[in-house]
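Chemist: Sharing a structure, written as structure tokens. Questions coming.
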Amino acid sequence: MTGMTYLAYDYPLLSALLTMVVFFLWIMWFILLFRVIVDIVRDDSLSGWAKTGWLVFTIVLPFLGVFVYVIARGRNMGSREMAQARAQQEALDSYIRETAKGTGERTSSVDELARLSEIKARGDISDDEFRRAKELVLSGHGPHS
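Take the sequence shown: its position 53, counting from 1, is numbered 53 in full-length UniProt numbering, and each next residue is one higher.
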């Protein structure tokens with residue numbers, strides 16, 4: 001036993017590095033576990049029984065449950081998260097539009113420019129069309145002037 005040395009403890013910096021790597025992997029594991037649980041709960045395509053089964057499997061056998069879930073259903077985790085974020089953004093935009101309509105005020109040129117910028121970002125109008133519409137809004141001859 002005296003001839004046996006432990007490399008990590010012969011070099012304290014290596015020990016600190018190994019501790020940081022283990023800590024990093026531990027944190028990443030919990031992030032993955034919580035993302036899987038949130039994905040299970042948010043997924044509308046799963047029935048209540050399927051959600052319960054996945055949650056029980058993930059909680060009772062966390063390593064196996066998470067890895068099986070990622071293999072079986074992980075391909076669409078990102079798309080479900082993006083769809084949920086898109087739905088939240090659309091709900092917020094709709095709320096803002098409805099609130100702005102309720103004030104009874106005319107649309108300002110800043111609002112028109114923001115709307116034009118959004119249309120251009122979606123690719124519905126070209127750069128030249130955007131430039132001409134922007135000139136109209138800034139000159140005061142826009143659709144709501």
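All residues carry an ideal CB built from backbone N, CA and C; glycine is no exception.
Being a predicted model, the structure only gives us computed values, none of them experimental.
#1: Which whole-angstrom value is the C-beta distance of residue 70 and residue 33, which I expect to be below 8 Å?
#2: Exposed or buried, which one is residue 133 when buried takes at least 16 other CB atoms within 10 Å?
#3: Short check: CB of residue 77 to CB of residue 39, under 7 Å?
#4: I need the boundaries of the alpha helix (DSSP H) containing residue 69, first residue and last residue.
#5: For residue 60, count the other beta carbons within 10 Å of its own beta carbon; 16 or more makes it buried, fewer makes it exposed. Which is it?
#6: Specify the secondary structure class of residue 104 as computed by DSSP and reduced to three states.
#7: Does DSSP put residue 123 in a helix, a strand or coil?
#8: Given a cut-off of 7 Å on the beta-carbon distance, is the pair residue 68 and residue 109 in contact?
Modeler: The relevant details are as follows:
#1: Sequence index remark: in the sequence shown, residue 70 carries index 70 (1-based). Sequence index remark: in the sequence shown, residue 33 carries index 33 (1-based). Not confirmed; about 11 Å, so no contact.
#2: In the sequence shown, the residue the question calls residue 133 occupies position 133. By the neighbour-count rule (16 or more Cβ atoms within 10 Å), residue 133 is buried.
#3: Working through the sequence shown from its first residue, we reach residue 77 at position 77. Working through the sequence shown from its first residue, we reach residue 39 at position 39. Yes, the Cβ-Cβ distance between residue 77 and residue 39 is below 7 Å.
#4: Here the question's residue 69 lines up with position 69 in the sequence shown. It spans 62 to 73 - the alpha helix (DSSP H) in which residue 69 sits, taken as one unbroken run.
#5: Within the sequence shown, the letter at position 60 stands for residue 60. Looking at its Cβ environment, which holds fewer than 16 other Cβ atoms inside 10 Å, residue 60 is exposed.
#6: Reading the sequence shown from its first residue, position 104 is the one you call residue 104. Because residue 104 carries a pLDDT of 48, less than 50, the predicted location of this residue cannot be relied on, and no value is offered for it.
#7: Position 123 of the sequence shown, counted from the first residue, corresponds to residue 123. Coil, per DSSP.
#8: On the sequence shown, residue 68 is found 68 positions in, with the first residue counted as 1. On the sequence shown, residue 109 is found 109 positions in, with the first residue counted as 1. Judged by beta-carbon spacing, residue 109 lies beyond the 7 Å limit of residue 68, meaning their Cβ atoms are not closer than that value.
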